[in-house]
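Residue numbers (my numbering): 228 to 582.
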């Protein structure tokens, strides 16, 4: 066997089989993409005085930023890129609680890194815009590039209601889009559809306080601005009676939205109502039961299925620590992925003959 290339050595050095680490890295990058693109759209609008962006373009950019973030991370972590989404999926049993801290760490750190990149890109423009003096709001206010602040008429209670309602709508529609038993879009279109939901929410519910609908999208950038020259006022704004609203509201709203969908629609859809359920992006389902046409007691695979064999049916590639999960059925074999050790510490792939 020939000597391995430098690229192969570098690739192997930066490759891991640890599921928790993979989730952290994927959520970090997905949220980084979201914040970098989304906040850059706001910065371009604010710093140009509206000549290079307006309300509708900013909302479209945020929607596309969500799509890009989900696309980047979806195949590894499910592309949550939102702590409220992760919490809700844990509550309804579609993500293990042990993974929630890992998701949150990746999301908050990714948002912080994205905030720093936006500051670096637009630093000179900010200096010119505010003459080196950082303002929260007003004619030269720039803190709103990173975090959300309420309109003058909106109090904390109104803001909380706004965030609960808008995030409930977000979570309800995410579950509808990713429900394999509902009329969901093709797999590759799911990130785009989730981004479209965010755009619609921005265009319809963005007037009051900028529709944070994502604690990581607001808290990490707010913390960054506190360190980058805007000071503690980003938290003490309105006597500390605002910064918590975009944190608490989305968590509460997402849970409410999920239960609304499940109670009114999700719990009543029969699996047989759909001819062929496809995989979803956005949800890791730990309770999926394996199909009945392969050996669920397999512990060792018999090697990879030849690429030349044509798959006859695709199954969702959901990772599980509770036994092997089929994700492709070939003509006479099932390609499996099963837990190799303790939950969250790596997976192995193999195949087994069909019964």
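No residue lacks a Cβ here, since even glycine has one placed at the ideal position from N, Cα and C.
Keep in mind that this is a model prediction, so the values were computed, not measured.
Specify the secondary structure class of residue i as computed by DSSP and reduced to three states.
i	result
residue 235	helix
residue 305	coil
residue 277	coil
residue 411	coil
residue 287	helix
residue 435	coil
residue 492	coil
residue 486	helix
residue 243	coil
residue 441	coil
residue 470	coil
residue 459	coil
residue 230	coil
residue 369	coil
residue 424	helix
Among the options, which has the Cα closest to the Cα of residue i?
i	options	result
residue 340	288, 264, 461 and 434	264
residue 244	313, 303, 460 and 235	303
residue 494	450, 338, 406 and 462	406
residue 451	355, 365, 272 and 372	372
residue 261	336, 355, 367 and 381	336
residue 290	492, 423, 481 and 490	423
residue 246	356, 276 and 305	305
residue 417	376, 257, 402 and 359	402
residue 474	383, 466 and 362	383
residue 484	368, 387, 472 and 393	393
residue 421	438, 410, 458 and 398	398
residue 479	251, 387 and 460	387
residue 298	238, 465 and 257	257
residue 353	463, 472 and 267	267
residue 374	300, 487 and 457	457
residue 604	368, 433, 436 and 409	Residue 604 lies beyond the stretch modelled for the chain, which goes from 228 to 582, so this question has no answer here.
residue 380	434, 347 and 318	434
Could you give the C-beta distance for residue i and residue j, rounded to a whole number, given that I count them as a contact under 8 Å?
i	j	result
residue 345	residue 270	6 Å
residue 311	residue 448	So it is not a contact: roughly 16 Å between Cβ atoms.
residue 370	residue 481	The pair is not a contact, with the Cβ atoms about 25 Å apart (cut-off 8 Å).
residue 430	residue 283	7 Å
residue 476	residue 351	Not really, about 35 Å apart at Cβ, beyond 8 Å.
### Query
Taking only runs of the alpha helix (DSSP H) that begin and end inside the stretch 313-367, which ones reach a length of at least 4 residues, in chain order?
As summarised for the stretch 313-367, the continuous alpha helix (DSSP H) elements at least 4 residues long and confined to that stretch are 327-348 and 350-357, given in chain order.
### Query
In chain order, which alpha helix (DSSP H) runs of at least 4 residues are fully inside the stretch 374-411?
List check, alpha helix (DSSP H) in window: 383-405.
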